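Everything below concerns the one structure shown next.
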Amino acid sequence: MDQPYFDDISPRNISAVVDETAILRCRVKNKGNRTVSWMRKRDLHILTTNIYTYTGDQRFSVIHTPISEDWDLKIDYAQARDSGIYECQVNTEPKINLAITLEITAESDVRERNSEKLYYDSKAARAKILGSTEIHVKRDSTIALACSVNIHASSVLWYHGSAIVDFDSLRGGISLETEKTEVGTTSRLMLTRASLRDSGNYTCVPNAAVPASVRVHVLTGEQPAAMQTSIGNILSVSIAIRITCWIIISEEVLLLFNTLSLAEYILVHRSSR
1 MDQPYFDDIS
11 PRNISAVVDE
21 TAILRCRVKN
31 KGNRTVSWMR
41 KRDLHILTTN
51 IYTYTGDQRF
61 SVIHTPISED
71 WDLKIDYAQA
81 RDSGIYECQV
91 NTEPKINLAI
101 TLEITAESDV
111 RERNSEKLYY
121 DSKAARAKIL
131 GSTEIHVKRD
141 STIALACSVN
151 IHASSVLWYH
161 GSAIVDFDSL
171 RGGISLETEK
181 TEVGTTSRLM
191 LTRASLRDSG
201 NYTCVPNAAV
211 PASVRVHVLT
221 GEQPAAMQTS
231 IGNILSVSIA
241 IRITCWIIIS
251 EEVLLLFNTL
261 SLAEYILVHR
271 SSR
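Numbered as in the UniProt record's numbering, the sequence shown ends at 273 without a single skipped number.
See the structure below:
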């Protein structure tokens with residue numbers, strides 16, 4: 001059986017613009033039953049294996065058709081932090097790899113998603129935050145955000161402030177679940193062990209749809225009188241009030257209490273009036 005090898009016809013240096021799609025080409029001849037993987041060199045993170053993705057960052061995927069020899073890595077909405085070396089690997093013995101350098105460049109006219117006012121058709125597809133758009137959570141608890149889109153969006157990104165939420169950051173504890181339903185798409189973002197740094201504005205940005213935002217407040221110490229979660233539950237605080245009433249009575253009445261109950265005294269008092 002012939003050994004796999006790379007059909008090295010693609011460029012080794014790739015450039016892309018911020019927020020556009022970057023595609024890294026990898027063509028494998030004689031793959032057989034071998035596995036093709038993409039690895040990010042800076043942190044040795046395996047991003048994909050065959051057609052499966054092993055990162056919570058949904059911007060990464062593999063372009064491959066069953067009859068094709070191409071195993072191209074696609075990065076949607078490329079960011080400057082995506083720059084670096086990526087390796088296409090085949091698990092032969094010894095392993096073979098093809099290194100490709102990616103450079104993400106910024107253009108002066110690249111629009112800022114969160115600062116530029118966008119105008120949309122009133123009938124355009126749009127995202128909607130599920131639950132309150134202003135939530136409070138305790139430090140070290142879990143932040144759970146969700147948005148629904150009234151179309152089948154090909155991708156849904158989450159921004160914290162002006163930066164895309166980085167699922168592979170050193171913070172850890174970040175996960176994303178995207179569900180396609182009959183009427184559209186639902187995206188759920190979870191951040192465990194909430195810290196003060198997690199406070200701020202989070203924006204759900206579906207492909208080809210109007211985004212939606214939610215404000216998160218991570219609290220320490222005492223909680224506010226009403227704390228609302230992302231699913232709309234309200235924790236209310238009840239207040240108990242005690243009223244003390246002083247009654248001034250005469251000595252003769254006090255003597256009556258020794259022989260009569262309070263109810264009997266009231267009856268006697270009423271009959272004497």
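C-beta: ideal position from N, C-alpha, C; glycine also.
Small disclaimer: the values here were computed from a predicted structure and weren't measured.
So Val214 is in the beta strand (DSSP E); what residue range does that whole segment cover? Per DSSP, Val214 belongs to the beta strand (DSSP E) from Ala212 to Leu219.
When you compare the segment 136-154 with the segment 187-195, are there three or more beta-carbon pairs, one atom per stretch, that lie closer than 8 Å? Segment contact: the segment 136-154 against the segment 187-195, three or more CB-CB distances shorter than 8 Å; contact assigned.
For Leu145, the residue or residues it bridges with in DSSP: Partner(s): Leu189.
Give me whichever residues DSSP pairs with Leu47 in a beta bridge. For Leu47, no pairing in a beta bridge is given by DSSP.
By how many angstroms is the C-alpha of Asp166 removed from the C-alpha of Ile96? Cα-Cα distance, rounded: 29 Å.
Report whether the distance from the Cβ of Trp71 to the nearest heavy atom of the ligand COA is below 7 Å. Looking for the ligand COA in the displayed structure turns up nothing, as the structure carries no ligands at all.
C-alpha distance - Ala22 paired with Arg59, whole-angstrom precision: Going by C-alpha positions, Ala22 is about 10 Å away from Arg59.
For Thr65, count neighbouring Cβ atoms within 10 angstroms of its own Cβ and tell me buried if that reaches 16, exposed if not. It counts as exposed.
Out of curiosity, what's the CA-to-CA distance linking Ile75 and Val18? When rounded, the distance between both Cα atoms is 11 Å.
For Ser154, is the classification buried or exposed, using 16 other Cβ atoms within 10 angstroms of its Cβ as the cut-off for buried? Counting Cβ neighbours within 10 Å, Ser154 comes out exposed, since fewer than 16 surround it.
Strictly by DSSP, which residues pair up with Val36? DSSP lists Val90 as the beta-bridge partner residues of Val36.
Nearest CA to the CA of Leu170: which residue from Arg12, Asp43 and Ser10? Closest in alpha carbon position to Leu170, among Arg12, Asp43 and Ser10, is Asp43.
To the nearest angstrom, report how far apart Thr220 and Thr53 are at their CA atoms. In a straight line, the C-alpha of Thr220 is about 37 Å away from that of Thr53.
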